[in-house]
Amino acid sequence: MTSTIPAAVAGTLAGPPPPGVAGTRPRPAFATDVAVLAERHLRLMSRRPASIISAIVLPLVFALLFFTVFSRVMRRGGLDYIDYLLPAVVIQAVFFTGMSSAILAAEDALGGTLRRLRTMSVSRPAPALGLLAAELTRSLLSLGVLLAIGAALGFRFHGGPWKALGFPVVMLAFAAALVTCFIALGLAIRRLEAVTTATNLIYFPFMLLSSAFTPAAAFPSWLRPVVEQQPVSRVADALRALTAHDAALARPLLIAGAWLLGLGVVGVLGASRALGRAAA
Amino acid sequence: MTAAVEADALVKTFGDIRALDGLSLRVEAGTILGLLGPNGAGKTTAINVLTTLLSPDAGRATVAGHDVVEQPALVRAAIGVTGQFAALDSGLTARENLVLFGRLMKLGRAEARRRAAELLERFTLTEAADQRTGTLSGGTRRRLDLAASITREPAVLFLDEPTTGLDPRSRLALWEAVRELRASGITILLTTQYLEEADELADRVTIIDRGRVVAEGTAEELKRRVGGAVCHIAVADAADRQLVSETLGTLGPVSVLPDGVSLPATGPETLVAVVRELDEARHAGLPIARIDDIGLRRPTLDDVFLALTGHPATPDAQADGEAAASDEAGRPARPTAEVAS
Amino acid sequence: MSQVALPRPAPVGDTLAMAGRALRLMLRDPATFVLAVFFPLILLLLITVSFAKIVYPGAGYDDYVDVSLPLFVLMGIAFASPFTAAATVTDLRDGFDARIRTMPVSALAPLAGRVLADTARSAITIAVVVVVGVPLGFRFTAGPWAAIGFLLLPLVFGLGLGFLGLLVAMRARDSETVVAVLNPLLLVCSFLSTGMVQRSDLPGWVQPIARVNPFSVVIEAMRALAHGGATTRPVIEALVWSGVLIVGCGVLAVRGYRTRSDRLAA
Chain A
387 MTSTIPAAVA GTLAGPPPPG VAGTRPRPAF ATDVAVLAER HLRLMSRRPA SIISAIVLPL
447 VFALLFFTVF SRVMRRGGLD YIDYLLPAVV IQAVFFTGMS SAILAAEDAL GGTLRRLRTM
507 SVSRPAPALG LLAAELTRSL LSLGVLLAIG AALGFRFHGG PWKALGFPVV MLAFAAALVT
567 CFIALGLAIR RLEAVTTATN LIYFPFMLLS SAFTPAAAFP SWLRPVVEQQ PVSRVADALR
627 ALTAHDAALA RPLLIAGAWL LGLGVVGVLG ASRALGRAAA
Chain B
130 MTAAVEADAL VKTFGDIRAL DGLSLRVEAG TILGLLGPNG AGKTTAINVL TTLLSPDAGR
190 ATVAGHDVVE QPALVRAAIG VTGQFAALDS GLTARENLVL FGRLMKLGRA EARRRAAELL
250 ERFTLTEAAD QRTGTLSGGT RRRLDLAASI TREPAVLFLD EPTTGLDPRS RLALWEAVRE
310 LRASGITILL TTQYLEEADE LADRVTIIDR GRVVAEGTAE ELKRRVGGAV CHIAVADAAD
370 RQLVSETLGT LGPVSVLPDG VSLPATGPET LVAVVRELDE ARHAGLPIAR IDDIGLRRPT
430 LDDVFLALTG HPATPDAQAD GEAAASDEAG RPARPTAEVA S
Chain C
29 MSQVALPRPA PVGDTLAMAG RALRLMLRDP ATFVLAVFFP LILLLLITVS FAKIVYPGAG
89 YDDYVDVSLP LFVLMGIAFA SPFTAAATVT DLRDGFDARI RTMPVSALAP LAGRVLADTA
149 RSAITIAVVV VVGVPLGFRF TAGPWAAIGF LLLPLVFGLG LGFLGLLVAM RARDSETVVA
209 VLNPLLLVCS FLSTGMVQRS DLPGWVQPIA RVNPFSVVIE AMRALAHGGA TTRPVIEALV
269 WSGVLIVGCG VLAVRGYRTR SDRLAA
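For the protein sequence lines, the chains are A, B and C, in the order given. Note that the first sequence ends on residue 666 in our numbering; no numbers are left out. Note that the second sequence ends on residue 470 in our numbering; no numbers are left out. Note that the third sequence ends on residue 294 in our numbering; no numbers are left out.
Okay, structure coming up:
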């Protein structure tokens, strides 16, 4: 790079381009584009205290608070709360990640970054996929922190190493599906306050009207079917099956997988549509 | 004539930086003073002292007859300020902003409303009246900002770089508004980076650099000191610049600039003379490789600065107050309206 | 210029004007409105349906609403306060505050206006939560005067929280930081209290914290005012805590405001 600068200064700009620099036309390189854009997002995230807090500190604070406040009453009901709670705070962390991805997507759409990338030889889905990759990286980081703290509070994988390996896989699949949907949402709405409001309106009912924090049996009987069937509960079921000693595995994994596949398809369709519009 | 604004040897330092270094200036009542200087010359600091936002470390100043340090309340009652930021509430409509400022200027509810309507009319803002300020264009927002600073007719109005970042049309509209304000008898102190702006609006111009006054007079007087028009020969290559400057030395005092060579011009005949000289030199075998452009132009702030201070008003020459002080506060040294619009 | 007409600072009028502005902006910002009105309602409804049976096995959902409503009132008030603090930082940074200071406006009106608008918003939160809570099972059984006290107490405490937010705002670099500092603090105060479970159900080490936590103190006082029992002591404790926050944070925030806006004017 540096060798081209003196040439430009010397006024040879009008002449033929030096061979090998401007001569080769940049070709879209899918993997490189995604990696470069993912790195950009990770760099930006690492410089924003708010994003570190929402990815790491907030899930941790929630985990500790729920554990502290409710472990006694749960034990009275016969439940070892840390084992029950950990999948819930992992899901919650994924939600926080998704909510931040919606904001970041909307900011890129608003700030003109998307439009600019479209004018460059960058492959079309790369902006969304780069953000997704960055968010998945961040999710893994918060999973690590939550597992470490969980272990300190008594959380154990009771089903052995193979099932334990399935845990992050399911979590990442959930994160991929959810973050894709939230990126689509951010690109489609493109107003920061409205994005925040919309993501909160999804987060609260899905998170709190689920069996994530409390067993479905605690809910009023008329609500129970909804609580049991909705996707967040189904993902929590799958995660719990992977941590339990002898739970049936196939059924919860299949049901959760079906939900995530559906969610993922909706997300991809929505994101590609919104990406086209946001960059236009 | 009486002075509406008088500053005497103002000093203000931020850490090691002397943003104001003995600044004195005077604005006669009913006139416009243009305070001209490059980014970071101390213009905003001067405005902040005169509008009671900052206390000077030394020196004294009066505005509308009141001492800015001793009688800030009386000063505030007599001034209007339009900053670089267009400090309006983006969530409120244009009308609501004007009513708010009117009420804060103690107009009373009904009077504030009446005055807002009047100002919207006067500044051709009626279309924008009930839109949220955040959705307005940069030029419209600046006009609204100006209107907000005269909800109660001030004796002295401070305009800090009122047109920075505006497109040419919005700039013309704002100039028109400023002229009308002056016609209604308001004294105006206006800071700007543009010589053209000072030329258009100001009765007198004070040029400051590094917190000090370097020249004072009418725009005409200052331009005469610079020598009116300039002939500029754009030459990219440094060796060529040297050859050109030697060749043209016979025509007048030549300045070598980063992008070329310039010399004072009396009119089109200077252009003819320059072309002839260069052509003859080339025929005589002087190896001047390439000249990019030759033209006449009105003196710019750069020319004035070069003539008055011996250094150009280019960004790298501004190791100075405002920029550094603003950075300290963590905001960009020179926010412009384009960013927001 | 006639000297008679010179405008002078008017503390009350200026504060009202600034409060009117803050309220208007608040009502237009959907995020603040959602936080002040829907957030406590969502918590009230969703925490009740999910945790009531676990916290009080054998009791009804309406019984849980009866005990937990004060916490959700406080959380609604508390979690809206970072918005005010963030807006204050924005005013300081974008030059709005500096402009006001060049006008004949009472020096503390911008802060006082914020606090006043906050109080109005808190009143809306209290009203909404109570109006929804009563059909769900919340009861006033200690008479009208105590009920009025129940409605006023969180207003006074909210004033203290508002000043706490302003204090943080004076120290913060940007509005994001304000929210990032205040939210975890408010979360801890909300959870490590007697608002959701009985004190005896908290872990041993948390119980003394929950005892002195101002949120618990105010919640206990609100419960006493709603349901009867010994009211004097808890109410006095709650007022003392509120007073400490109002005076302590208020004085520091005002001092910070004076020096901070001087610094920013540079």
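Using N, Cα and C, we set each Cβ at its ideal position, and we do this for glycine too.
Scanning chain C for C-beta atoms nearer than 8 Å to the C-beta of I641(A) yields nothing, as the closest lies near 21 Å away. Within chain B, the residues R205, L233 and M234 have their CB atoms less than 7 Å from the CB of M131(C), given in chain order. Annotation for D94(C): the continuous alpha helix (DSSP H) segment containing it runs Y89 to R121. Annotation: Q260(B) to M250(C) spans about 43 Å, alpha carbon to alpha carbon. Within the same chain, Cβ atoms closer than 6 Å to the Cβ of L195(C) are found at C277, L280 and A281, the five residues on either side in sequence being excluded. Per DSSP, reduced to three states, the secondary structure at H544(A) is coil, with no helix or strand assignment. Around the beta carbon of T255(B), a 10 Å sphere encloses fewer than 16 other beta carbons of the protein chains shown; the residue is thus reported as exposed.
Of the candidates R504(A), V459(A) and L595(A), R504(A) places its Cα closest to the Cα of A664(A). Residue pairing by DSSP places D338(B) opposite R341(B) in a beta bridge. The C-alpha of D432(B) is placed about 43 Å away from the C-alpha of T116(C).
Classified as buried, E225(B) has 16 or more neighbouring CB atoms from the shown chains inside 10 Å of its CB.
For the pair of segments examined, the segment 357-367 of chain B was found to touch the segment 417-427 of chain B: the number of CB pairs separated by less than 8 Å reaches three. Taking the CA atoms as reference points, A519(A) sits about 46 Å from I274(C). Shown here, F252(B) sits in coil according to DSSP, grouped into three states, outside any helix or strand. Judged by DSSP in its simplified three-state form, G572(A) adopts helix. Close to G484(A), with beta-carbon spacing below 7 Å, lies no residue of chain C; the smallest spacing is near 18 Å. For F79(C), the uninterrupted alpha helix (DSSP H) run begins and ends at F67 to V83, by DSSP. Per the C-alpha coordinates, the member of T169(C), D57(C) and V77(C) positioned closest to S607(A) is V77(C). Fewer than three beta-carbon pairs drawn from the segment 368-375 of chain B and the segment 203-215 of chain B are found closer than 8 Å, and the two stretches are therefore not classed as touching.
For E614(A), no beta strand (DSSP E) encloses it; the enclosing alpha helix (DSSP H) starts and ends at R610 to Q615.
Counting the other Cβ atoms within 10 Å of the Cβ of Q226(C) gives fewer than 16, which makes it exposed. Here R155(B) carries a strand assignment [DSSP, helix/strand/coil].
The Cβ atoms of A630(A) and G572(A) do not sit closer than 8 Å to each other. Residue pairing by DSSP puts D150(B) in a beta bridge opposite V140(B). For G389(B), DSSP records a beta bridge to A363(B) and L386(B).
Counting along the chain, I208(B) sits inside no alpha helix (DSSP H); it lies in the beta strand (DSSP E) bounded by residues I208 to T211. Secondary structure note for I128(C): its alpha helix (DSSP H) is the uninterrupted segment F124 to R129. For A241(B), the CB contacts under 6 Å within the same chain, skipping 5 residues up- and downstream, are V228, G231 and R232 in chain order. Cβ contact annotation for L189(C) (same chain, cutoff 6 Å, sequence separation greater than five): A106 and S109, in chain order. With contacts defined by Cβ atoms closer than 8 Å, V555(A) and I489(A) do not form a contacting pair. DSSP places F452(A) inside the alpha helix (DSSP H), whose first and last residues are L444 to R462. Within the DSSP secondary-structure output, T222(B) pairs in a beta bridge with R261(B). Taking 8 Å as the cut-off, the Cβ atoms of R149(C) and M54(C) count as close. The continuous stretches of alpha helix (DSSP H) do not include T259(C), and DSSP gives it neither H nor E. Only residues of its own chain outside the window of five on either side were considered, and among them G231, L236 and T280 have a CB closer than 7 Å to the CB of R244(B), listed in chain order. In this structure the segment 38-45 of chain C does not lie against the segment 65-85 of chain C, because fewer than three pairs of beta carbons, one per stretch, are closer than 8 Å.
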